[in-house]
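A.B. asks: Heads up, my numbering is the position in the sequence shown plus 26, with the first residue counted as 1.
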Amino acid sequence: RQVTKLAMGEGIRYDSKAYGWPEDCYFIKGTKVGPTSDILKLMELGQKCEDEWGRDHGNGWLLRHPLKKLYQFQQYLLQD
């Protein structure tokens with residue numbers, strides 16, 4: 027689900043009554059992410075967003091896991 031949001035350029039927002047990010051705080055809203063994107067840079071940016079807006083209390087399911095899967099897919103495509 028998060029990968030689809032990234033691919034469509036919707037960005038990712040952490041909606042949680044207890045831990046959510048402030049209003050209008052989206053991870054890379056307006057930027058479409060695809061196989062040619064700099065995923066490692068996005069992972070760094072995601073960590074900065076968590077540092078500034080609040081950590082992911084879902085143990086990485088908000089940003090880290092989806093970005094890691096995109097990175098693995100990217101590496102698979104670049105193997106040959």
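We treat Cβ as the ideally placed atom computed from N, Cα and C, and that holds for glycine.
Note that the structure is predicted; figures quoted are calculated from it, not measured.
1) CA-CA distance, residue 47 and residue 35?
2) Using 10 angstroms around the beta-carbon of residue 40, count the other beta-carbons present and answer buried if the total reaches 16, otherwise exposed.
3) Please name the residue or residues paired with residue 53 in a DSSP beta bridge.
4) With H, G and I counted as helix, E and B as strand and the rest as coil, what does DSSP make of residue 90?
5) Let me confirm a value: residue 61 is counted as buried when at least 16 other C-beta atoms fall within 10 Å, else exposed. Which label applies?
6) Consult DSSP for residue 102 and reduce its assignment to one of helix, strand or coil.
C.D. replies: So, from the listed chains and residues:
1) 18 Å
2) Per the 10 Å Cβ criterion, buried.
3) Answer by DSSP bridge pairing, in chain order: 38.
4) helix
5) When all chains shown are included, residue 61 counts as exposed.
6) helix
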